[in-house]
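Read the structure below first, then the notes.
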Amino acid sequence: MPTIEERYNEMFGKSVAWYERGKSLFAGGITHQTRFTSPFPAYIDYAEGPFKYDVDSNEIIDYVMGNGSLLMGHTKPEIVEAIREQVGRGTHAGGASTHEVRYAEAVKRLVPSLERVRFTASGTESTYLALRLARAYTGKTKIVKFHEHFHGWHDYVTPESGQALGGVPQEILDTVIVAPVDIAAVDDILTNEDDIAAVIVECNGAHYGTFPLQNPQFLQDLQDLTRKHGVIFIMDEVVTGFRLSPGGAQVRWGLDPDITTMAKIIAGGQPGAAVGGRADIMELMAFRDDPEWDNFGRVPQGGTYNAQPVTAAAGIAALEAIASEGINARADAMAQRLKDGLNEAFTRNEVTGHAHGIASIIHVNLGADCNCDRGLCDMPYQQIYDTMPVDKTRALRRAMLVNGVDMMGGRAFLVSSAHDEEVIDRTTAAFSQSLKDLRAEGEL
Ligand SMILES: Cc1ncc(COP(=O)(O)O)c(C=O)c1O
Ligand SMILES: [Zn+2]
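Structure representation (structure tokens):
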């Protein structure tokens, strides 16, 4: 019986040559740090619905789903058509466009806290702009972020985000306070430190909910605390936006952030993102017919591709589907079916572990179980760290790939409305087989 690695090498053989070409072109051979997979990545040729197909023509059930941007699966016809139509009508307006207005209206319809919106080209730019706005509004410098929470790759959000710190200046590190996920500790920080502009939080917990927050209580407490201390409350809804509910985490849980950052689903699979929030904060970006303000006081924002018409067209199509087609309910139901199937697979194979998660994101803890309700897991964070080290998530991802499924980071499933019952049941069978394969190799 060949090993998992031998099967991987055989199944994805044609990818090796692409990886060799990539290595001579890209630092580390790849173009996004999470695309690193050992021994080499599978190179994808095309994708459709819940599937993607690599250069060896393997059909892979996809749960990476554009790093969470494709809540409706690949190639949803309405989005494809909207993009196709717009490409022929010009890809860049080089000025204000009707698209940006309709796009912002589609966003606001789903997320009522957004009194004003600005578009950017990525989630990283959105969190960067949100922090700049908070500093300008409060006249304060420091920001509070949470341990392990990921908000992109700019300097201010890199500390303790699961990323290395190479090249990040000490002056910037000195402006970032990393808080434990503990409301009393946050209260202490906000009480004892008076130069804090904002608190930013990944709404479902670090790394798209791998380390879950006990919500809605945690976010509600955080909102109350920021109000009490006069600090800007930034909900980073890059992942949770339009997924936890059509209006994101804030609508699901009745929250009212000062600023919200959004990306991924908002742009229908195109490169696009947004920042929105209270008018009095956002208006700090506006021109005022006052040269002193306009040139020296205003919060600046550029961005060649902000709300470019193709992104806007795709985003509008995606948001209209979310508003009217029951996309979230469908994806959530498929996720529930998958979660049940995964937990049954653990039991049937007598492997310790469990699957949990809310809405359409499922997390897997291989090697650790707890008494959670399989929704919001309350396992201690240290135990999550200890049971899912990188070599184990890589091993699980590889085992699942040879069984025809791609998991997000080897520890999560981002389910879409394009995954149907048959695909979900195939995934459960692949997971069960992967547990057997890993056990045969002594990995479990
Ligand atoms: C919560 C969160 N914020 C921000 C970002 C950064 O977004 P982008 O990759 O579009 O720059 C991500 C990316 O995964 C994210 O998960
Ligand atoms: Zn649990």
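Going by my numbering, the sequence shown opens with residue 722, and the numbers climb by one from there.
Heads up, the beta-carbon is just placed ideally off N, CA and C, and yes, glycines get one too.
Quick caveat, the model's predicted, so the values are computed rather than measured.
The residue among S966, V907 and A927 with its C-alpha nearest the C-alpha of F954 is V907. Cβ neighbours of R973 within its own chain (closer than 7 Å, five residues either side excluded): L965 and S966. CA-to-CA, the gap between P723 and N730 works out to about 11 Å. If one requires a minimum length of 3 residues, the beta strand (DSSP E) runs lying completely within the region 987 to 1015 are 994 to 998, in chain order. In this structure, ligand 2 has a non-hydrogen atom nearer than 6 Å to the beta-carbon of H1077.
Around L1059, the same chain offers I1083, F1134, V1136, I1145, T1148 and T1149 as residues with beta carbons nearer than 7 Å, after the five sequence neighbours per side are excluded.
CA-CA distance, N1124 to K773, rounds to 14 Å.
Apart from sequence neighbours up to five positions away, the residues of its chain that approach H928 with a beta-carbon distance below 7 Å are E869, F871 and G883, ordered along the chain. Judged by DSSP in its simplified three-state form, Y740 adopts helix.
The region 1023 to 1037 makes no contact with the region 926 to 946; the number of CB pairs closer than 8 Å stays below 3. Linking E802 to T796 through their CA atoms gives a straight-line distance of about 9 Å.
Using a Cβ distance threshold of 7 Å, T1032 and Q1057 do not count as a contacting pair. Looking only at V960, E1004, L1040 and M956, the smallest Cα-Cα distance to L831 is reached by L1040. Nearest to I987 by C-alpha distance, out of A1044, F932, R948 and E1013, is A1044. By the neighbour-count criterion, in which 16 or more other beta carbons inside 10 Å mark a residue as buried, K949 falls on the exposed side. The secondary-structure analysis by DSSP pairs H1084 across a beta bridge with H1077 and A1133. A check of alpha carbon separations from E727 across F1152, R1119 and R1132 identifies R1119 as the nearest. Between the alpha carbons of E958 and S778 lies a gap of roughly 35 Å. I800 sits in a helix when the DSSP states are folded into three classes.
Shortest gap from the CB of V1111 to any heavy atom of ligand 1: 6 Å or more. Among the bridge pairs identified by DSSP, T845 is matched with none. Here I725 carries a helix assignment [DSSP, helix/strand/coil]. Annotation for K1157: the continuous alpha helix (DSSP H) segment containing it runs E1142 to A1161.
For M1100, the Cβ falls inside the 6 Å cut-off from some heavy atom of ligand 2.
In terms of Cβ geometry, I864 and L852 form a close pair [threshold 7 Å]. Residue nearest to F757 within the set D1090, S1081, V1111 and G815 is V1111 (criterion: CA-CA distance). Within a 10 Å sphere around the beta-carbon of N1016 sit fewer than 16 other beta-carbons, which makes this residue exposed. Using a Cβ distance threshold of 7 Å, P933 and L1097 count as a contacting pair. Proximity of the beta carbon of T1068 to ligand 1 is not indicated: no heavy atom of the ligand is located closer than 6 Å. Note that the C-beta distance between V1020 and A842 is not below 7 Å.
The beta carbons of Q1022 and R839 sit about 6 Å from each other, so the pair counts as a contact at 8 Å. In the same chain as L835, and ignoring 5 residues on each side of it, the C-beta atoms closer than 7 Å to its own belong to V828, K829, T981, G997 and G998, in chain order. A Cβ-Cβ separation of about 12 Å leaves V902 out of contact with N925 under the 8 Å criterion. Contact between R1160 and V1085 fails: their C-beta atoms lie close to 15 Å from each other, not under 8 Å.
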